[in-house]
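Taken in sequence, the protein lines are chains P and A. Reading the first sequence from the start, the letters are residues 679 to 845 in our numbering. Reading the second sequence from the start, the letters are residues 23 to 431 in our numbering. We treat Cβ as the ideally placed atom computed from N, Cα and C, and that holds for glycine. None of the values given here were measured: they were computed from a predicted structure. Working notes for the structure below.
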Amino acid sequence: MADEIKVVRLQSSDSREFEVPRKIAETSVTIKNMISDIPPEDVAASAIPLPNVSGKILEKVIEYCKYHHENPTPAVDDKKEERRTDDIIPWDQEFCKVDQATLFELILAANYLDIKSLLDLTCKTVANMIKGKTPEEIRKTFNIKNDFTPEEEEQVRKENEWCEERN
Amino acid sequence: MIWKILKKLSDKDLCVCARVSHGFHVYSEAEKFWKRRCIKRWKGRFLFKKCWKYTAILDRDEAPPPIQRRIFVSAQDFSSKIWGAQIRSAIPISKLTSSLNMIEKRSNLSYEEFIHSYAIPNRPVIITDATDKWKAKDVWTKEKLLERFRERRFRTDEVCRGKKMKMTMGDYFVYANQNTDEDPIYLFDPTFAERAPELLDDYEIPIYFREDLFSLLGERKRPYYRWLVVGPERSGSSFHIDPYLTSAWNSLLVGRKRWLLYPPTGHPHGVKYNGNMLAPSYDAPVPMKYFQKKWDSIPENNRPIEVIQEAGETIYVPTGWWHMVLNLTETIAVTQNFCHTANFLTVYRYVKDDDPKMKRKWKAYLVDERPDLIEAWKNYKKTIKMANGSSSKKDKEDGDKEAEKETSN
C-alpha cells in the first residue's frame, strides 16, 4: 500500500506547498523516515510539514534533489576525501552562487533534512570562501567585526604566524 | 555544522581563522577539534607538545614555537560546548577532592572474614595491606616504568578507526604530563601481560581474589580480565557496572583515586539507565562533567557511597556495583575482574543470556571441575521456575505453600 504513493506534498514553514515525486523527496533521509512513519492514507491526504525550512529554501533544495536524481554523481569515499574542496561540479557551483544568508540557510536545511551531499557541498563552498584568504579578507567576505584589541591582535598574530609560514 | 566546514580547512587556513575575530578564534583553536585531527593524522604516534593544535601540526621532531603565554578567549558567547570544556579543563582538581570515606579500610583481614563479611553479602571493602609485599610497590613508579618500557606500546582507551589506539609508554607520559584535557586519554591495557610479561612478576593476586572461575576457559577463550591502568589527574571512568557482572579488585600503586559507588539495585543520579541489570544499557557523563553538572543536584535520598583510595590500598568492588573513578593525581594501578563462588549464579545467569556460546564452553569445564556450582545453578533454576509457575496459575496462598514444600526438599 505504502509503495503506491508516487508523489508527496511538502509544506514549508511559511505554508507553501510543493508537490514532489516521492523518490526525489526521499533524497532527504528525514523525509524518508517521516514517510515510513506516517500511515499511507495520511501521506496521500495531507502535506508533510517542514517547520524548519522556508519556502524559498525548500524550493532550492527540491531543485537540487531533482537535478541530482536525474544526474547522479558517483559517491565519494568520505573518509579519504574529507578535505577536498576542488571537486565541485559546475552545476553545483552555479547552484551555490547565492547570497550568504541563503547559503547558510541551505546548510541548516541540508542538516535538518539530512541530505548528506547537499550539506557537504554547501560546507565545501563556505570553506572555499575562507581558503587562502588573510584575516582581513575573511572579515570582509563574511562581514565580521574585528573584536580583538590591538594587543590581542598582535598576540594572536604572533601565535599563528609560524604556522602560516610553514611548508 | 561549523565543525564540518572547519574540517575542510588546512592547518594554515585554521591559523588564519584564529586571527579573524573572537568567535572565529574560539572555534579554530578548540582543543577537541585539534585532538581529532591529530589522532587522525598521527594515530598513537604523536609526541605531545603543549596542546593538541601544536601536536597536530608539527612533526614529531619539531619543537613547539617559543611562545610563552597564549591568548585565551572565552567561548561563553559562542559555544556552550566549548565553554563547558574550557571550564572543566580549568577546574582545579583540588576542588574535587573529598574527605568522605564511607567504606571500611581493613588490614590483617582473614580469607574467611572476607568471604563472610564482604563477598557473600556483596559489600565493598578497602584492604590496606594487600600490596605490602609486592615488588610493584617499589618499581611501579613513573620513572622506573619508563626505564623498562619507554619504547613498549600499550593500549589506551582512545578509539581510532574502530580500534583502541596504542602509544609507547614514553609518549604516553609526555602526553599525561602536558595535557589539559577535560577527559584525558587513559592508558588502559587488558593485553599488558602479552606486551610486558615482566610486569606479572611485580605483583601477585591478593589471597581473597584467587578463586577465578573464568580461568577454566583458558587464557585465549576467557574474556579480558586484567588491566594496567595509568592516568593523569582528571582522567577516570564514568559510572558503569563491570562486564559480565564480575567482581573486581583494584590496587593503586601511585597517586589517589576518588571513587563513587552505588549498590547493584541502585540507579546512580544523573545516569540514563534502562533499569535492567541482565541486559543493561546506560549512558553516563565523564567524571569532570559529572562533577560539574550532576553533583550539585544529587537528592539526599540518592547520594553515592564515596571513598578516597590512597597508594598501597586495594578496593574490592563487588558484583553489580556501580562505580565511577576520578584520578585526583597521576595514578598507576592494576585491576582484575573475576567470577568466584559468591557471585557465580549472578555471572552465570548473565553469560547464559549474553553469550550462549561461551556459556556452553564454560559449562563443559565446570561440570568436571566444579559440579557443585552446576548443581547450585540447577536448583536455582528450579526455584525460579516454581516461583513463577505458582503465582500465575494457582491461588496465591496455595502456590506459596507448594513452593515452600519443594525448596525444603
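- Chain-order list of chain P residues neighbouring Met23 of chain A: Ile785, Leu786, Asn789, Leu797, Cys801, by C-beta distance under 8 Å.
- Closer than 8 Å to the CB of Lys811 of chain P there is at least one CB belonging to chain A.
- The C-beta of Ala805 of chain P comes closer than 8 Å to at least one C-beta of chain A.
- DSSP places Phe261 of chain A in the uninterrupted beta strand (DSSP E) bounded by 258-262.
- Taking C-alpha positions only, Gln778 of chain P is separated from Lys188 of chain A by approximately 44 Å.
- Here Tyr133 of chain A is exposed, its C-beta having fewer than 16 other C-beta atoms within 10 Å.
- Residue contact with chain A for Asp715 of chain P: absent (no Cβ-Cβ distance below 8 Å to any residue of chain A).
- Annotated three-state conformation of Thr202 of chain A is coil, per DSSP.
- Here Arg59 of chain A is buried. Its C-beta has 16 or more other C-beta atoms within 10 Å.
- Taken in chain order, the unbroken stretches of alpha helix (DSSP H) that lie wholly in the segment 351-422 of chain A and span 4 residues or more are 366-376, 378-391, 393-415.
- DSSP places Asp211 of chain A in the uninterrupted beta strand (DSSP E) bounded by 209-211.
- In this structure, the alpha-carbon of Asn365 of chain A lies about 10 Å from that of Leu235 of chain A.
- Bridge pairing for Val276 of chain A: A:Ile354 [DSSP].
- Within chain A, not a single residue places a beta-carbon under 8 Å from that of Val739 of chain P; the smallest gap is close to 16 Å.
- Taking C-beta atoms as the reference points, Glu204 of chain A and Ala107 of chain A count as a pair closer than 8 Å.
- Residues of chain A whose Cβ lies closer than 7 Å to the Cβ of Glu697 of chain P do not exist, since the nearest Cβ in that chain is about 29 Å away.
- Just so you know, the alpha carbons of Ser237 of chain A and Arg177 of chain A end up roughly 23 Å apart.
- One thing to note: Asp224 of chain A has its Cβ within 8 Å of the Cβ of Trp162 of chain A.
- Residues of chain A whose Cβ lies closer than 7 Å to the Cβ of Thr827 of chain P do not exist; the shortest such Cβ separation is about 10 Å.
- By the neighbour-count definition (other C-beta atoms within 10 Å, threshold 16), Ile683 of chain P is an exposed residue.
- Under a 10 Å Cβ-count criterion, Lys403 of chain A is classified as exposed, with fewer than 16 other Cβ atoms of the shown protein chains found around its own Cβ.
- Between the segment 268-284 of chain A and the segment 152-161 of chain A there are three or more inter-stretch CB-CB distances shorter than 8 Å, so the stretches are counted as touching.
- Residues of the segment 56-89 of chain A that bring their beta carbon within less than 8 Å of a beta carbon in chain P comprise Ile79, Pro87, Ile89, in sequence order.
- Below the 7 Å Cβ cutoff, chain P contributes Val834, Asn838 as neighbours of Ala40 of chain A, in chain order.
- Non-local beta-carbon contacts of Val739 of chain P in its own chain, meaning distances under 8 Å to residues more than five positions away in sequence, involve Ser706, Val731, Leu784, Ala787, Ala788, Leu791, Ile793, Leu796 in chain order.
- Rounded to whole angstroms, the separation of the alpha carbons of Asp692 of chain P and Pro729 of chain P is 8 Å.
- Of the residues A:Lys279, A:Ala97, A:Thr202, the one whose Cα lies closest to the Cα of Val251 of chain A is A:Lys279.
- Distance check between Met299 of chain A and each of A:Pro286, A:Glu233, A:Val293 places A:Pro286 closest, using alpha-carbon atoms only.
- It is roughly 35 Å from the alpha-carbon of Glu772 of chain P to the alpha-carbon of Lys75 of chain A.
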